[in-house]
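Taking it in order: structure first as structure tokens, then the write-up.
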């Protein structure tokens, strides 16, 4: 059962975002469901609270009066809750972490293992996503911290902290006759790649390369399996573990040019300081990145 409190919370978020669709996405609700809650609140108040515009919604006079009356109260409540969480949430709680897939193979596993070993009562929820999805999860508040390539961070709604630079390499089968380092601009490239919206796929095109993509994959394992099958080579961070490549009968080839490098950053919601558990996770990531 939806309470008046929840309906008022929904109303405040719609007013802040000035869009029913954006509020529904932010609140993890369907737009039709949110519309029904708004209609119920308007029926209770006895007046319409919004008018529709070509770009979203605007408050009516009654809606403005209602927002002015309840928004400060909810902000005060949220500050108190955050204060309690910051004081009490140092050893217990949940941290929602989002990361790009590639980092889970050589960086995040070490970060997670180190953090969990010293925070046994903390529930760490890890989500593997594409770079744009990681940013969206942190920006919407559905993830407390994200690890992503800096090229994907194009919003002022997250705070970004650099960790390390990721150098790329070419990964081929052991029987492919290539030197230890190559100039990609001077050779035909048949690649297995991530889908076009992934940061590493965009990096290849931004470097001026125009390879022929023979197949696409969203996971490292699927990509390496395709390369092992002879479909094509792939470009991945040079920190990918040697043992993983050996299991697939693959090896790394250095890239002389063009320079393919991306900075890995940690991102948190920009509107407030990270909670203590998140701050400790970030400190752990910085220690491992600088080791």
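In UniProt numbering, the protein residues as written are 1 to 291. A virtual CB, placed ideally from N, CA and C, is assigned to each residue, including glycine.
Note to self: Would residue 153 and residue 98 qualify as a contact pair, given that the criterion is a beta-carbon distance under 8 Å?
What the structure shows: No, the pair does not count as a contact, with Cβ atoms beyond the cut-off.
From 144, 175, 238, residue whose alpha carbon lies closest to that of residue 260: The residue from 144, 175, 238 with its alpha-carbon nearest to that of residue 260 is 238.
* Asked: Since residue 233 sits in a beta bridge, which residues does DSSP pair it with?
  -> According to DSSP, residue 233 bridges with 191.
Within the same chain, show all residues whose beta-carbon is closer than 8 Å to that of residue 89, passing over the 5 residues directly before and after it, in chain order. Low confidence applies to residue 89: its pLDDT is 49, below 50, so where it sits in the model is not reliable, and the reading given next is rough at best. Closer than 8 Å at the Cβ level, and outside the excluded window around residue 89, lie 275, 276, 277.
Local Cβ density within 10 Å of residue 81, reported as buried at 16 or more and exposed below that
exposed
request  = Pull up the distance between the alpha-carbon of residue 288 and that of residue 172, whole angstroms please.
outcome  = Near 28 Å, if we compare the C-alpha coordinates of residue 172 and residue 288.
Beta-carbon proximity of residue 106 to residue 240, cut-off 8 Å: The answer is yes: Cβ separation under 8 Å.
task: Rank 220, 187, 285 by C-alpha distance to the C-alpha of residue 113 and give the top, closest one.
output: Selected option, being the one with the closest Cα: 285.
The alpha helix (DSSP H) spanning residue 45 covers which residue range? Taken as a continuous stretch (DSSP letters only), the alpha helix (DSSP H) holding residue 45 covers 31-45.
Review point. Tell me the DSSP bridge mates of residue 165?
Key: 263
For this session: Specify, as a first and last residue, the run of the alpha helix (DSSP H) that residue 20 falls within.
Result: In the DSSP assignment, residue 20 falls within the unbroken alpha helix (DSSP H) covering 20-26.
For residue 247, which residues in the same chain have their Cβ closer than 8 Å to its Cβ, ignoring the five residues on either side in sequence? Correct list: empty, nothing qualifies.
Let me know the secondary structure DSSP gives residue 176 once reduced to three states. coil
Discussion item. Looking at residue 56: is its Cβ nearer than 8 Å to the Cβ of residue 19?
Written reply: yes
query: Looking at the structure shown, is residue 97 part of a helix, part of a strand, or coil, going by DSSP?
result: Of the three classes helix, strand and coil, the one that applies to residue 97 here is strand, per DSSP.
**Prompt:** Beta-carbon separation of residue 158 and residue 230 under 8 Å?
**Reply:** Their beta carbons are not under 8 Å apart, which means residue 158 does not touch residue 230 by this criterion.
* Asked: With a CB to CB cut of under 7 Å and the five nearest residues on each side skipped, what residues in its chain are close to residue 64?
  -> none
### Query
Are residue 298 and residue 109 touching if we call contact CB-CB under 8 Å?
Since the first residue shown for the chain is 1 and the last is 291, residue 298 is missing from the structure and cannot be characterised.
Are residue 43 and residue 96 touching if we call contact CB-CB under 8 Å?
-> no
TODO: Using alpha carbons as the reference points, say which of 166, 206, 233, 175 lies closest to residue 187.
DONE: 233
message = Check for me: the beta strand (DSSP E) holding residue 255 runs from which residue to which?
response = 250-257
Practice prompt. Tell me whether residue 247 sits in a helix, a strand or coil according to DSSP, three-state version.
Written response: helix
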